[in-house]
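Participant:
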Amino acid sequence: MTDEELFNQYLEAAKEDDALSQFNLGNCFAKGKGCAQDDSMALYWYERSAEQGSLYGILYAAEYYENGRGCTKSLAKAADYYLKAAESGNANACYKLGIMYKNGLGLPKDRRKAKEYLKKASSKGIVKAAAELKGMWF
C-alpha cells in the first residue's frame, strides 16, 4: 500500500471518529507521508484523537502547544493536555507538570504540586524527576 493510499484510508476512518486513525492522520501530516507536511493539520488531528480519549493524541497535542508547533505556543493549553495524560498515569506527563508547576510555566507556581507530580514521575522510573526533587528544598 502506498503512503497516499494509507493516508486516504486513515482519512476515511478519521471522519468516522476513529481515534487511532485520527492520531495516525496527524502523524501523516507531521511527517508529510501521503500528503504535504503540515504541522497545523497534524495538531488538528491530534486534538481530534485526544477528544476521543487517545493518550497519544493527548500527549502529541500537549507537545505541539508546548513548542508552538503548528500553532501559537501556549503553555497553558499544553498544561491542560498534560493534566489529562497525568490523570491516566502517564509518567512523562507527570514529569512535565512537575516542571511546569515548579517554574510557573503555563500554570501558577506551586511547590506542593510540583513535588507531587515529580514524585509520581520518579516512582514510575523517570530519573530526571528524581534529580529535580533532590534540588528542591522540602
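First residue of the sequence shown? That's 742 in our numbering, and the numbers climb one at a time after it. Glycine included, each C-beta is placed from N, C-alpha and C at the ideal position. Bear in mind the structure is a predicted one, so any value in this text is a computation, not a measurement.
Report, in whole angstroms, the separation of the C-beta atoms of Ala-754 and Gly-767, which I expect to be a contact under 8 Å.
Facilitator: Ala-754 to Gly-767, Cβ: 13 Å. No contact.
Participant: Let's test the definition: count the other Cβ atoms within 10 Å of the Cβ of Ser-762 and tell me whether it reaches 16, buried, or not, exposed.
Facilitator: Per the 10 Å Cβ criterion, buried.
Participant: Starting from the Cα of Lys-837, find the closest Cα among Lys-756, Val-868 and Met-742 and give me that residue.
Facilitator: When only C-alpha atoms are compared, the closest one is Val-868.
Participant: Return the Cβ separation of Ser-819 and Ala-803 in integer angstroms, given the expectation that the two are a contact with Cβ distance under 8 Å.
Facilitator: It is Ala, not Ser, that sits at residue 819 in the sequence shown. Rounded, the Cβ-Cβ distance is 5 Å, consistent with contact.
Participant: List the whole-angstrom C-beta distance separating Leu-846 from Leu-816, where the pair is believed to meet the contact cut-off of C-beta under 8 Å.
Facilitator: With a Cβ gap of about 5 Å, Leu-846 and Leu-816 count as contacting.
Participant: Counting C-beta neighbours from all protein chains within 10 Å, is the total for Asn-808 16 or more, i.e. buried, or is it exposed?
Facilitator: Exposed.
Participant: Round the Cβ separation of Tyr-823 and Tyr-842 to the nearest angstrom and send it over; I've been treating them as touching at under 8 Å.
Facilitator: Actually they do not touch by this definition, with Cβ atoms about 10 Å apart.
Participant: Buried or exposed: Asn-765, going by 16 or more other Cβ atoms within 10 Å of its Cβ?
Facilitator: Buried, because 16 or more other Cβ atoms sit within 10 Å of the Cβ of Asn-765.
Participant: Assuming Gly-830 contacts Ala-870 under a Cβ cut-off of 8 Å, what Cβ separation, rounded to an integer in Å, is found between them?
Facilitator: That belief does not hold up - the Cβ atoms of Gly-830 and Ala-870 are roughly 14 Å apart, past 8 Å.
Participant: Give the range of the alpha helix (DSSP H) segment to which Leu-747 is assigned.
Facilitator: Unbroken alpha helix (DSSP H) run through Leu-747: 744 to 756.
Participant: Going along the chain, which residues of its own chain have a beta-carbon closer than 6 Å to the beta-carbon of Asp-744, five neighbours each way excluded?
Facilitator: For Asp-744, where only same-chain residues beyond five positions count, the Cβ hits under 6 Å are Lys-774 and Gly-775.
Participant: Can the beta-carbon of Ser-781 be found less than 8 Å from the beta-carbon of Cys-812?
Facilitator: A contact, by the Cβ cut-off of 8 Å.
Participant: Measuring CB to CB, does Lys-861 end up less than 8 Å from Leu-874?
Facilitator: Not a contact, by the Cβ cut-off of 8 Å.
Participant: Assign Lys-814 to buried or exposed, taking buried as 16 or more other Cβ atoms, counted over all protein chains shown, within 10 Å of its Cβ.
Facilitator: Looking at its Cβ environment, which holds fewer than 16 other Cβ atoms inside 10 Å, Lys-814 is exposed.
Participant: So the candidates are Ala-832, Met-877, Lys-865 and Gln-750; which of them puts its Cα closest to the Cα of Asp-851?
Facilitator: Here the closest residue by C-alpha is Met-877.
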